[in-house]
Each structure stands twice: as structure tokens, then as C-alpha cells.
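Undergrad: For the sequence shown, counting from 1, position 29 maps to 48 in the working numbering; every step adds exactly one. Built from N, CA and C at the ideal position, the CB exists for glycine as well. All of these numbers come straight from a predicted model, not from anything done at the bench. Before I ask anything, let me first share the structure, which is written out below as C-alpha cells.
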Amino acid sequence: VKDVRTATYAIERIVRKYDGFVTYTGLTGNKYLYNSTRVSKDSVMETYKMTVANEITLRVPNVNLDSTLIELNGIIEFIDNRTIKADDVKLQLLAGALHAKRTQKHISKLDKTITSKGRKLTETVDALNDLDYSQVNYDEQQLNLMDLKDKVTYSTVKLSVYQPEVT
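The structure is reproduced here in C-alpha cells:
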């Protein structure tokens, strides 16, 4: 891009426009090749080279991905590479939902069994431990489902933005 800082602000505006958000930005400037040249008795001219770059990660709703990418194209001077990768997680989502449903039924049956037949202390304690393990398993399944639903809803875009070297 011509100017990383200006492009960063423009990218953030575009992302907000399409109901997305920035999850990471790492703007860096690097000065190197310092040189001092005396121009008069009391004056020195210092020169250096400088690079500026920004690593940006953003999330936009899948339905707005094309529009976001098209609008971002207006900021770009040169593209080093572009890769678009889409993972279809619909089957994983279905498998997770079915597994969660089975686990919930198991928890319900185990809870009823403990309540109605858990008369001996050691058997009841073992059954309660099994119930607790099943509940933890169910909670993990729910978190995995939420993660998959998020992946279905939002696209993650990673950009490496940089400008030409400045002297």
C-alpha cells in the first residue's frame, strides 16, 4: 500500500461497514542504515531507511466476505499472494449436535437411575462420578458446537500490509 497507517484505518472502516471486527493488529516500524553527514560546522544531516508493516486479522460475516474483499482491493497497490480457503464444517456440526443429544439423554437416564436405585453409598458415589464426567463431556461438546457455528457464521481474514521502503 502507499501508506500503512492510512490503509489500516481504511481497512478497519471497511470491516466495520460489513459488520465485522478486527481481532488483531500489529503495526511495526523499523529504522535501519543510519548515516550522519556533516553539512556545516554546527549541522548534521541524519538519514535512515525505514519500513512499516502491519499484520491484521479480521472477522467478517460469511455473507459479507465477497463485498469486504472487493472493497479492500481498492486500497491495495500490489498483491504478493492471495489464498482463499473454505472448510465445509456442516457435517462436523451435525455430528457434534447428534453426539451432544446422545450425551444429554445419557445424563438424564443416569440421573434418574441414581435417584431411584442409588441406595448404597459406594455405588451412588461411583454413579455420581460418572454423571459428573458425562456432564463435563457434554459441556465440551457444547463448546465445540459453538466454535463450529462461529466458523460457519464468520470468515477469518489475515492480511500482511506493508509500504515501500522510505529514506
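State the start and end residues of the unbroken alpha helix (DSSP H) segment that holds Ile-89.
TA: Working through the sequence shown from its first residue, we reach residue 89 at position 70. 84 to 91 is the span of the alpha helix (DSSP H), which, as asked, contains Ile-89.
Undergrad: If we count Cβ pairs, one from each stretch, closer than 8 Å, do we get three or more for the segment 34 to 44 versus the segment 63 to 76?
TA: yes
Undergrad: For Tyr-53, does the count of other Cβ atoms within 10 angstroms reach 16, so buried, or fall short, so exposed?
TA: The residue given as residue 53 occupies position 34 in the sequence shown. By the neighbour-count rule (16 or more Cβ atoms within 10 Å), Tyr-53 is not buried but exposed.
Undergrad: Residues bridged to Ser-62 by DSSP?
TA: Counted from its first residue, the sequence shown places residue 62 at position 43. Beta-bridge pairing links Ser-62 to Ser-59.
Undergrad: Would you call the CB atoms of Thr-122 and Tyr-152 closer than 7 Å?
TA: As a position in the sequence shown, residue 122 is number 103, starting the count at 1. As a position in the sequence shown, residue 152 is number 133, starting the count at 1. No; because the gap between Cβ atoms is not below 7 Å, this pair is not in contact.
Undergrad: Go ahead and pull the three-state DSSP assignment for Val-180.
TA: Counted from its first residue, the sequence shown places residue 180 at position 161. If DSSP states are grouped into helix, strand and coil, Val-180 belongs with the strands.
Undergrad: Can you check the segment 96 to 145 for any alpha helix (DSSP H) of at least 4 residues that lies completely inside it and give the ranges in chain order?
TA: 109 to 136
Undergrad: Would you mind reading off the limits of the alpha helix (DSSP H) that contains Lys-21?
TA: Here residue 21 refers to the residue found at position 2 when the sequence shown is read from its first residue. No alpha helix (DSSP H) contains Lys-21, which DSSP labels as neither H nor E.
Undergrad: From the DSSP output, which residues share a beta bridge with Tyr-67?
TA: As a position in the sequence shown, residue 67 is number 48, starting the count at 1. Tyr-67 pairs with nothing; no bridge assigned.
Undergrad: Do three or more CB pairs link the segment 169 to 179 to the segment 77 to 87 at distances below 8 Å?
TA: yes
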